[in-house]
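Numbering (the working numbering), first residue to last: 1 to 269. Glycine included, every Cβ here is placed at the ideal spot set by N, Cα and C. Below: one structure, written as structure tokens.
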């Protein structure tokens, strides 16, 4: 995929200097998702594995909101009339979006303002870094429509971000987590003023993009893989990864730059 020519139908895409920006763009409805946008987002994050020019991704929402979840009229309504096979296809598709985000090699930075609810909260959860605003409102509100909190990986991922008890509270009640609470609980890495949010997210992503991408991608892979490892197995796996990275040109570049008292310029090889 050529990042400079990619033209998605269901969200905005911009690319500059190694950073792609995905903007959910239905601001009049607080950027809800449709069947088509779910699928296109999933496919895009899968395609990023074959798009080395993209080194980091910022995902955000147009207007003053991130994402209000699945569109009530275009998704919720049709689901009520769908048979079991169709429902299963849908739930596996939405879960596959989270998997695609977590398995794509690029670091994903979510810039979250305003409403971040339902599937929107799950997309934020699946990102590697989350930047928010004090006025943002995060809600895993599946229970409010008679569904379980175990959707799109929430029962697996959310406790690892904020702790089991806090995650259980949010998933059982569907209540809103304001931005300052999301920051205190560790869901947000940082809080910014709304006008500064996207520039800060782009700057963060830009710093990542200028870094050693082979190393960043290895870190992302291990953060996911080591969930299911014992500590000794994780230590051995990390030793193998690090030994491999010590054979890269970026490692040599860093050493050469250090000896010259210069800032290294990493090229990802």
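{"query": "Residue 241 beta carbon less than 8 Å from that of residue 279", "result": "Any answer about residue 279 is impossible in this case: the structure gives the chain only from 1 up to 269."}
{"query": "Endpoints, alpha helix (DSSP H) assigned at residue 26", "result": "Where residue 26 is concerned, there is no enclosing alpha helix (DSSP H), given that its DSSP letter is neither H nor E."}
{"query": "Cβ pair residue 124, residue 139 closer than 8 Å", "result": "no"}
{"query": "Segment contact, 8 Å Cβ cut-off, at least three pairs: the region 17-26 with the region 72-81", "result": "no"}
{"query": "The region 81-91 in contact with the region 103-117 per 3-pair CB rule at 8 Å", "result": "no"}
{"query": "Residue 249 vs residue 265 beta-carbon contact at 8 Å", "result": "no"}
{"query": "Selection from 268, 8, 177 that minimises the alpha carbon distance to residue 133", "result": "177"}
{"query": "Length of the line joining the Cα atoms of residue 232 and residue 222", "result": "14 Å"}
{"query": "Residue 119 and residue 152 closer than 8 Å at C-beta", "result": "yes"}
{"query": "Straight-line Cα distance separating residue 185 from residue 235", "result": "28 Å"}
{"query": "C-beta contact flag for residue 60 and residue 1 at 8 Å", "result": "no"}
{"query": "Selection from 100, 150, 131 that minimises the alpha carbon distance to residue 190", "result": "131"}
{"query": "Contact belief for residue 208 with residue 187 at Cβ below 8 Å, rounded distance in angstroms", "result": "About 20 Å; that fails the 8 Å criterion."}
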